[in-house]
Each structure stands twice: as structure tokens, then as C-alpha cells.
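**Q**
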Amino acid sequence: MHAKVIIIGSGPAGYTAAIYASRALLEPVLIAGVQVGGQLTITTDVENYPGFAEVIQGPWLMDQMRLQAEHFGTRIENDFIASMDLSRRPFRLFGDSGTVYTCDTLIVATGAEAKWLNLPSEPKFKGFGLSACATCDGFFFKNREVVVVGGGNTAIEDATFLTRFATKVTIVHRRHEFRAEKILQARLFTNPKINVIWDSVVEDVIGLDGPPPKVTGLA
């Protein structure tokens, strides 16, 4: 498949590039990747997007961006680019589906992904009590005690969200203050379900080997 412009990534940057390229009649192809819609699809409340006085939902916002890109002529492929050959034009992109894409111009908008702590026991417990997506997995921690590690916007938002399900949420942060937006901190500090452990670093995940594995605590 050949296109004048191929965009890799389906987050806000990818869709914005697609909208501009489509309006320039470049007939872009956008390759969505593994997490279609990017990290905003796992964000519940969005309060800082211009033009909306009320809180909007991340998945809804990404749906609107996708529809706008498609409206102007963007073709969206639900594929993942496994490798590329950029040594000469046209560029060659090899999809996980087996499709080979070629293009004259390539825009990489792959965005960010969840940041893990690289703890020794992390691989064993991923998906078995250890998660990087509160909105995806929060329900599975209903009536349990949960720990969130971090001090940025995502950590604070996730901790607040998890109070809907968990009996108690503890935040472990390596510094003596958060770097998250002040409005998010204000909500967190007034939530009776949330406790903060300052100036501390998690060294490993403790649990049972199973099967299946089960997280019981942190060290």
C-alpha cells in the first residue's frame, strides 16, 4: 500500500497531523498502533482542553478527533508497525499484519506509554495485581487496599479515581511534594480514603507465586 503521507500513532498529535494533511489533500494514511486513541483513551476526566467549560471524557474526545480526521479523508489502518526501512524513498514500513506500506513522507506521532518501575518482580505480577491503568483495571480492586506510586498528574488522577472502588488508597512518592497540578492535589488532600507516604522509594513487589500470582504488598 502506498500513500503520500503515512502517520504512525493515533493520539492527539497523530490525529491533528492527519486533519492538516487531509485538508491539504495529501490523502494520508494513519496507522493506529496498539493503543488506538493514545493515552487519552484511559483518562476519565479532561478539564484542560480548550473550548470546553465542563469536564469531558478522554475516550469521547479521541472519538471526535478520529471522526474529524476521517471526515476530511484520512484512511485509518488498525495495524502496528513492527519495523521500517528509511534508508531510501519511498520509505517502507512493515506492519504486524503482514502489510507492507510505502510512503513519500512519514510522520511519527507515537506519543508516550505507561512508565514502569523496573522492579525485579514486576514481570511476574503484571496483570495479577500490578497495573499501569487505573481506569482499565480499577474495578478489579473493589473493596481492597491499593497503592499508587508517583507524584505527577497521572498518579494523582489515578489515586483519586481508584477511591471509587478501593477501601483505601496509599500514594508512595519519592519526594516531599507532588509535581501534579495544584487543583488535582487539592482534591486528593481532601479525600478521606487517600493516604500519602512521602520521601520513599518502592524496591520491589511482594506476593505469592501462584498459580496464579498474587500481589500482597510492597517493599
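Each residue of the sequence shown is one higher than the one before, counting from 162 in our numbering.
Where a beta carbon is used, it is the ideal one built from N, C-alpha and C, also for glycine.
As the structure is a computational prediction, the values presented were derived from the model and not from experiment.
1) Any idea which residues DSSP pairs PHE255 with across the strands?
2) With a threshold of 16 other CB atoms inside 10 Å of the CB of THR202, please say whether the residue is buried or exposed.
3) Tell me which residues share the same chain as PRO373 and place their Cβ nearer than 7 Å to its Cβ, disregarding the 5 neighbours each side in the sequence.
4) Taking the alpha-carbon of LEU278 as reference, which of THR271, CYS264, CYS297 and ARG335 has the nearest alpha-carbon?
5) Under 7 Å Cβ to Cβ from ILE317, same chain only, skipping five residues before and after it: list those, please.
6) Using a Cβ-Cβ cut-off of 9 Å, state whether GLU238 counts as contacting chain D.
7) If distances are taken between C-alpha atoms only, which option among ALA174, GLN225, GLY194 and LYS375 comes closest to PRO284?
8) Over the uninterrupted beta strand (DSSP E) stretch that includes GLU103, give me the two end residues.
9) Of the residues GLY170, ALA270, GLU274 and LYS329, which one's Cα is nearest the Cα of ASN352?
10) Figure out for me which residue from ARG236, THR324, GLY170 and GLY219 has the closest Cα to the Cα of ARG184.
11) Can you tell me which of PHE322, LEU254 and TRP221 puts its alpha carbon nearest to the alpha carbon of LYS354?
12) Check whether the Cβ of ASN352 sits closer than 8 Å to any heavy atom of the ligand MN, and report yes or no.
13) Output the distance between the C-alpha atoms of PHE213 and PRO189, rounded to the nearest integer angstrom.
14) Where does GLY175 sit, in a helix, a strand or coil, going by DSSP?
15) Where in the stretch 275-348 do unbroken runs of the beta strand (DSSP E), each at least 3 residues long, occur, reported from the N-terminal end onward?
16) Examine the Cβ distances between the stretch 262-269 and the stretch 206-222 and report whether three or more of them are shorter than 8 Å.
17) Start and end of the alpha helix (DSSP H) containing LEU222?
18) Applying the 10 Å Cβ sphere with the 16-neighbour rule, what's the burial state of CYS264?
19) What are the residues that DSSP puts in a beta bridge with GLU215?
20) Kindly give me the distance between the Cβ atoms of THR331 and ASN304, rounded to whole angstroms, as I take these residues to be in contact under 8 Å.
**A** Quick look at the numbers:
1) Against the sequence shown, residue 255 aligns to sequence position 94. According to DSSP, PHE255 bridges with SER244 and VAL261.
2) The count along the sequence shown starts at 1 and reaches residue 202 at position 41. Answer is buried; the Cβ neighbour count reaches 16.
3) Here residue 373 corresponds to residue number 212 of the sequence shown, with the count starting at 1. Cβ within range, chain order: PHE289.
4) Counted from its first residue, the sequence shown places residue 278 at position 117. Nearest option by C-alpha distance: ARG335.
5) Start at 1 with the first residue of the sequence shown, and residue 317 comes out as number 156. Counting only Cβ-Cβ distances below 7 Å, and skipping sequence neighbours, we find PHE339, ALA341, LEU345, GLN346 and LEU349.
6) The chain labelled as chain D is not found in the depicted structure, where only one protein chain is given.
7) Within the sequence shown, numbered from 1, the residue matching residue 284 stands at position 123. The candidate whose alpha carbon is nearest that of PRO284 is LYS375.
8) Absent from the structure is residue 103, since the part of the chain shown begins at 162 and ends at 380.
9) Here residue 352 corresponds to residue number 191 of the sequence shown, with the count starting at 1. Nearest of GLY170, ALA270, GLU274 and LYS329 to ASN352, Cα basis: LYS329.
10) Counting from one through the sequence shown, the residue named residue 184 turns up at place 23. Taking the Cα of ARG184 as reference, the smallest distance to any Cα among ARG236, THR324, GLY170 and GLY219 is reached at ARG236.
11) As a first step, residue 354 must be located in the sequence shown, where it is residue number 193. Ranking PHE322, LEU254 and TRP221 by Cα distance to LYS354 puts PHE322 first.
12) The ligand MN is not part of this structure, which contains no ligands at all.
13) In the sequence shown, the residue the question calls residue 213 occupies position 52. In the sequence shown, the residue the question calls residue 189 occupies position 28. Cα to Cα, the separation comes out at about 28 Å.
14) As a working note, residue 175 is residue 14 in the sequence shown. Judged by DSSP in its simplified three-state form, GLY175 adopts helix.
15) Counting whole runs of 3 or more residues, the stretch 275-348 contains the beta strand (DSSP E) stretches 306-310 and 329-333.
16) no
17) For the purposes of this step, residue 222 is taken as the residue at position 61 of the sequence shown. That run of the alpha helix (DSSP H) goes 219-232.
18) Numbered from its first residue, the sequence shown carries residue 264 at position 103. That one is buried.
19) Locating residue 215 in the sequence shown gives position 54, counting from the first residue. Beta-bridge pairing links GLU215 to no other residue.
20) Residue numbering aside, residue 331 sits at position 170 when the sequence shown is read from its first letter. Residue numbering aside, residue 304 sits at position 143 when the sequence shown is read from its first letter. Wrong, their Cβ atoms sit about 15 Å apart, outside the cutoff.
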